[in-house]
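Let me begin by presenting the structure, written as structure tokens, before commenting on it.
See below:
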């Protein structure tokens with residue numbers, strides 16, 4: 166069963182005469198919300214492992230095979246499941262009472278964050294141990310908590326955090342520390358991808374670790390900037406530069422902040438330390454009035470969650486690989502790709518809206534006051550929902566989707582490549598970095614290569630329409646505006662779906678099959694425009710306009 170994410174997962178194993186069985190109760194609300202193979206986001210599944218050979222079979226006697234689950238007694242089954250659930254909630258209740266008592270005391274907030282994270286970890290580990298019956302022997306090996314941490318493989322993040330602390334302390338504010346951090350953290354992540362990746366969506370320790378990798382690289386760069394002269398830094402770098410020396414506890418609290426550990430958003434150490442010092446509030450010296458703004462984002466996230474849950478059984482990437490899709494008409498294949506390309510992003514929208522609500526509730530989302538004195542809570546916003554739903558341009562979708570990660574890449578990668586003297590080259594290398602950061606599958610490279618190509622062509626087309634008197638007059642006709650908008654949205658989401666096909670199908674044999682079925686439409690269309698538009702510009706743009714642009 167290939168899952169996309171789970172907030173809670175447990176199994177209660179025991180031995181029966183027919184073999185080793187386990188009841189797995191899985192509640193999924195996360196990165197992809199539902200399983201690849203089932204239509205239900207919540208289910209009880211019975212798994213059968215290697216059968217146990219009875220004594221009669223070993224002595225040669227004729228014995229009748231026991232069907233899987235036939236010997237399970239419903240009352241015992243119900244009792245064990247109920248006991249397991251009761252045990253889990255009891256331990257959780259006692260845990261949160263302890264956390265509540267701790268939060269009332271005036272202690273280091275970093276301690277509270279780390280304590281909260283590791284208590285959740287310890288709680289679930291104890292629950293898993295408590296649910297194992299004596300006869301089970303622990304042979305299932307499937308009782309792994311997927312979130313809010315990668316189960317027993319938490320040592321990956323711990324190791325990288327300690328290594329990062331040592332790099333900062335031993336190498337100091339040097340370019341060597343920055344390069345070492347980049348190589349160590351990215352190398353560790355890529356090695357994890359290499360050792361754990363499969364042909365499907367993998368929910369393993371690498372999922373939260375990719376978020377952590379960006380955090381630690383950004384931390385090293387901000388620490389390096391903190392050692393420079395203030396005048397040599399840009400205004401943006403002055404905001405994020407770390408002047409002090411962060412302790413191991415502060416780095417751990419920053420890394421394990423529970424509102425952003427799993428799927429983001431990205432935020433800086435300086436912003437986190439403002440939260441620790443109690444500065445992120447609309448009422449100085451008091452708890453922020455963030456409940457209503459947080460609930461609004463949660464409610465919006467739940468709307469997307471419900472929509473995705475209801476429609477996901479009917480709109481899947483698996484259908485793109487089916488014979489029905491391949492045998493459909495060309496226009497049907499394009500229309501399905503258009504609808505799927507829009508819909509597939511809703512799972513990410515859901516996650517980011519919910520996590521944004523968590524960040525707002527804690528105060529991390531506070532972004533100062535506007536000109537009217539109203540509090541802004543968009544510091545951790547990873548989505549601009551209205552822009553995402555209404556923009557007819559690819560650049561608009563990029564500006565509204567996964568905002569904080571895009572801002573991180575722009576701040577710590579794209580702008581740091583200024584020494585190359587070529588904006589297009591810097592943009593291409595930034596997208597290559599993003600592709601590798603997502604994983605080693607060829608589909609990621611194809612997706613970001615298409616994004617690079619589409620953005621270049623879109624900018625050329627927009628510049629052509631703006632500079633050409635004929636095209637600009639044509640584009641300004643009010644009556645035709647709805648038709649233009651519809652055409653733009655159709656092209657926009659058709660080729661967004663085209664790019665996302667490679668992103669979601671991962672391996673070359675899968676996305677190649679789909680691309681062949683629509684004759685590589687996206688590559689043909691945009692590569693053609695890339696070479697045609699310069700000649701069209703020569704014809705449509707007057708020489709005076711060209712001279713003005715050169716000046």
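Residue numbers (the working numbering): 166 to 716.
Yeah, the Cβ is synthetic: ideal placement off N, Cα and C, and Gly gets one too.
Quantities reported herein were computed from a predicted structural model and do not represent experimental measurements.
Query	Result
Beta-carbon contacts of residue 670 that lie in its chain and below 8 Å, excluding the five residues immediately before and after	482, 485, 486, 608, 676, 679
With 16 other Cβ atoms within 10 Å as the buried cut-off, status of residue 477	buried
Assumed close pair residue 662, residue 503 - CB separation to whole angstroms, cut-off 8 Å	5 Å
Coarse secondary structure for residue 717, derived from DSSP in three states	Nothing in the structure corresponds to residue 717, since the chain is present only between 166 and 716.
Member of 452, 376, 467, 584 whose CA lies at the smallest distance from the CA of residue 427	376
Burial state of residue 496 (16 or more Cβ within 10 Å)	exposed
Where residue 731 sits in the DSSP three-state scheme	Beyond the ends of the chain as shown, which are 166 and 716, falls residue 731; an answer cannot be given.
Beta-carbon proximity check, residue 517 vs residue 458, cutoff 8 Å	no
Alpha-carbon spacing of residue 434 relative to residue 405, whole angstroms	8 Å
Three-state secondary structure (DSSP) of residue 540	strand
Inter-residue spacing [alpha-carbon to alpha-carbon] between residue 688 and residue 499	14 Å
Burial state of residue 360 (16 or more Cβ within 10 Å)	exposed
Alpha-carbon spacing of residue 563 relative to residue 329, whole angstroms	31 Å
Own chain, CB closer than 8 Å to residue 615, minus 5 neighbours either side, in chain order	660, 663, 664, 667, 687, 688, 691
Assigned secondary structure, residue 432 (DSSP; H/G/I helix, E/B strand, else coil)	coil
Own chain, CB closer than 7 Å to residue 491, minus 5 neighbours either side, in chain order	682
Proximal residues to residue 535 (C-beta, below 8 Å), its chain only, five neighbours per side dropped	541
Segments of 4+ residues assigned as alpha helix (DSSP H) that fall wholly inside the stretch 458-537	488-492, 495-508, 511-527
From 515, 410, 488, 640, residue whose alpha carbon lies closest to that of residue 438	410
Proximity winner among 356, 383, 559, relative to residue 577 (alpha-carbon distances)	383
Option in 370, 605, 708, 626 with minimal Cα separation from residue 673	605
Distance between residue 613 and residue 532 (C-alpha atoms, nearest Å)	31 Å
Bridge partners - residue 548, DSSP secondary structure assignment	566
Inter-stretch contact (C-beta, 8 Å, three-pair minimum) for the stretch 320-335 and the stretch 377-397	yes
Own chain residues within Cβ distance below 8 Å of residue 546, not counting five before or after	430, 521, 530, 568, 569
Distance CB(residue 440)-CB(residue 538) smaller than 8 Å	no
Residue 592 beta carbon less than 8 Å from that of residue 584	no
Backbone secondary structure at residue 633 - three-state DSSP	coil
Integer-rounded CB distance, given that residue 573 should sit under 8 Å from residue 379	6 Å
CA-to-CA distance, residue 524 to residue 698, given in whole angstroms	45 Å
Any alpha helix (DSSP H) of 4 or more consecutive residues that is wholly inside the stretch 374-418	400-405
Euclidean distance between Cα positions of residue 322 and residue 705	56 Å
Buried or exposed (CB count within 10 angstroms, at least 16 for buried), residue 325	buried
First and last residue of the uninterrupted alpha helix (DSSP H) at residue 653	646-670
Contact set for residue 622: own chain, Cβ-Cβ below 8 Å, skip 5 residues either direction	691, 694, 695, 698
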